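Notes to accompany the following structure.
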Amino acid sequence: MSTARDSIGDAPSRAEKSDSALHSRPKVWTDWITRPLFGLLLAAVAIAATVYGGIAFVLFVCVGSAAAVREWHRMFTNRGFWPSTIVSTVAIACALFFEFARGRWIVPGGTALVPFLILLGGAATQMLLALRRNEGIAAHALGVLYVGVPALSFLLLRLSPVHPLWIVLMLFLAIWATDTGALIAGSLIGGRKLAPAWSPKKTWAGFFGGLACAAVISGGTGAVLSAAPATAVLFGLVISLAAQMGDLFESVVKRRAGRKNSGELIPGHGGVLDRIDSSLFAAPIAAILVLGMGFDPLSGMIV
């Protein structure tokens, strides 16, 4: 039976508009309160784990990775996601603990690739599991590497012989500064969209705001540590660019999966993947710069 609402294209009534406005205003104010509050809380936990180092840092990365892969696999299955979550969690945890043990208790040398081989084994297992369950093979296999490689990169940086504590802290600060600068600049300035087909809310103003904020924070950190500010700024810019690419990538993934957020675990932020998507691209780039190319953002030289 046709109704008046059908004839006007499901246009909302005045009462519905009023009700929507009443609910949207508190939601906006709630986000502006809960987002920084929980952001600061998570940042404090990350900094504490980084400063303490050792097994505390490994456990911190393991817990974050487990929560992230849970959300990833949930996006790509219509059935129970726990089998895939367990496989990815075990693979990432084994890779992290093996690398930690290799540096602490086992004679170094000849086994540097083993953690990466463990992750590849986890990806292969996911392929077989997805094939058996008639699900997306590539999506589930990618989940292990998408979260596992950055997790391992964070640990490798924290165990590196060159300024391990400060490099990880600088990495965190550059990522957080990027997210904050992009949010503020995008909200206040707005303007032309960065990649509307991938993420309709992101703007060029937010993109450059993120770069600028990361450069300022990284340069300031370098100055406080009596390091070369220009090199620290360069490090911040590279990390900021990688972080924003990571943010865009997850936006594409969520659109393909038909989701607005990866989860609802963190008030004001959505899911764990929504919170760490920038880190998942930035950490491997930092590891390549520092460990692969010998770039030291504090000394201003290639070591």
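For the sequence shown, the positions run 0 to 302 when numbering that gives the first Met the number 0 is used.
Note that the Cβ used here is the ideal one computed from N, Cα and C, for glycine as well.
Only a predicted model underlies this, so the values are computations on that prediction, with no experimental measurement involved.
Are Val-271 and Ala-67 touching if we call contact CB-CB under 8 angstroms?
-> Within the sequence shown, residue 271 is the residue found at index 272, counting from 1. Within the sequence shown, residue 67 is the residue found at index 68, counting from 1. Yes, the pair counts as a contact, with Cβ atoms nearer than the cut-off.
Cβ-based burial, Gly-189 [other Cβ within 10 Å; buried from 16] | Locating residue 189 in the sequence shown gives position 190, counting from the first residue. A residue is called buried when at least 16 other Cβ atoms come within 10 angstroms of its Cβ; Gly-189 does not meet this threshold and is exposed.
Nearest to Leu-236 by CA position, among Phe-248, Gly-208 and Val-251, is which residue?
-> Working through the sequence shown from its first residue, we reach residue 236 at position 237. Checked all of Phe-248, Gly-208 and Val-251; the closest Cα to Leu-236 is Gly-208.
Would you check if there are 3 or more beta carbon pairs closer than 8 angstroms linking the stretch 189-198 to the stretch 213-224?
-> Touching, no, given that fewer than three Cβ pairs across the two stretches are closer than 8 angstroms.
Measure the alpha-carbon distance for Gln-243 versus Phe-206 and round it to whole angstroms.
-> Along the sequence shown, one-based indexing puts residue 243 at 244. Along the sequence shown, one-based indexing puts residue 206 at 207. Spanning the two alpha carbons is a distance of roughly 7 angstroms.
With 16 other Cβ atoms within 10 Å as the buried cut-off, status of Gly-109 | Within the sequence shown, residue 109 is the residue found at index 110, counting from 1. Reliability of the predicted coordinates at Gly-109 is poor, the pLDDT of 46 falling under 50, and the value obtained from them is presented with this limitation in mind. Gly-109 comes out exposed.
Can you list, in chain order, the residues of its chain whose CB lies under 6 angstroms from that of Arg-73, leaving out five sequence neighbours each side?
-> For the purposes of this step, residue 73 is taken as residue 74 along the sequence shown, with counting starting at 1. So the qualifying residues of the chain are Phe-80.
Mind pulling the alpha helix (DSSP H) runs of 4 or more residues that sit fully within the stretch 131-193?
-> Fully enclosed alpha helix (DSSP H) runs of 4 or longer: 136-157 and 163-187.
If you count every other CB in all the chains shown that lies within 10 Å of the CB of Lys-201, and 16 or more means buried, which is it?
-> Translated into positions along the sequence shown, residue 201 becomes position 202. Taking all protein chains in view, the Cβ of Lys-201 is crowded by 16 or more other Cβ atoms within 10 Å, so the residue is classified as buried.
Assigned secondary structure, Ser-198 (DSSP; H/G/I helix, E/B strand, else coil) = Taking the first residue of the sequence shown as 1, we reach residue 198 at position 199. In the structure shown, Ser-198 sits in a strand (DSSP, three-state: E or B).
Between Ala-241 and Ala-226, what straight-line distance do the alpha-carbon atoms span, to the nearest angstrom?
-> In the sequence shown, counting from the first residue as 1, residue 241 sits at position 242. In the sequence shown, counting from the first residue as 1, residue 226 sits at position 227. For Ala-241 and Ala-226, the gap between their C-alpha atoms comes out near 23 angstroms.
Leaving out five residues on either side along the sequence, give the residues of the same chain with a beta carbon under 7 angstroms from the beta carbon of Ala-211.
-> Position 212 of the sequence shown, counting from 1, holds the residue named residue 211. Excluding positions up to five away in sequence, the list reads Gly-180.
From which residue to which residue does the alpha helix (DSSP H) around Lys-253 run?
-> Residue mapping note: residue 253 aligns to position 254 of the sequence shown, counting from 1. Where Lys-253 is concerned, the enclosing alpha helix (DSSP H) stretches over 228-256.
Would you report the Cα separation of Ile-216 and Ile-166, rounded to the nearest angstrom?
-> In the sequence shown, residue 216 corresponds to position 217, counting from 1. In the sequence shown, residue 166 corresponds to position 167, counting from 1. Distance between the alpha carbons of Ile-216 and Ile-166 is about 13 angstroms.
Would you kindly report the start and end of the unbroken alpha helix (DSSP H) that includes Ser-217?
-> Within the sequence shown, numbered from 1, the residue matching residue 217 stands at position 218. Residues 203-223.
Ile-54 versus Leu-118, Arg-101, Phe-294 and Leu-127, residue with shortest Cα-Cα distance = By 1-based counting over the sequence shown, the position of residue 54 is 55. Ranking Leu-118, Arg-101, Phe-294 and Leu-127 by Cα distance to Ile-54 puts Arg-101 first.
CB contact flag (Val-57, Leu-112, <8 angstroms) | Here residue 57 is taken as the residue at index 58 of the sequence shown, counted from 1. Here residue 112 is taken as the residue at index 113 of the sequence shown, counted from 1. Against a cut-off of 8 angstroms, the Cβ pair of Leu-112 and Val-57 comes out as no contact.
Could you say if the stretch 121-132 and the stretch 151-165 meet the contact criterion of at least three C-beta pairs nearer than 8 angstroms?
-> They do not touch, by the three-pair rule.
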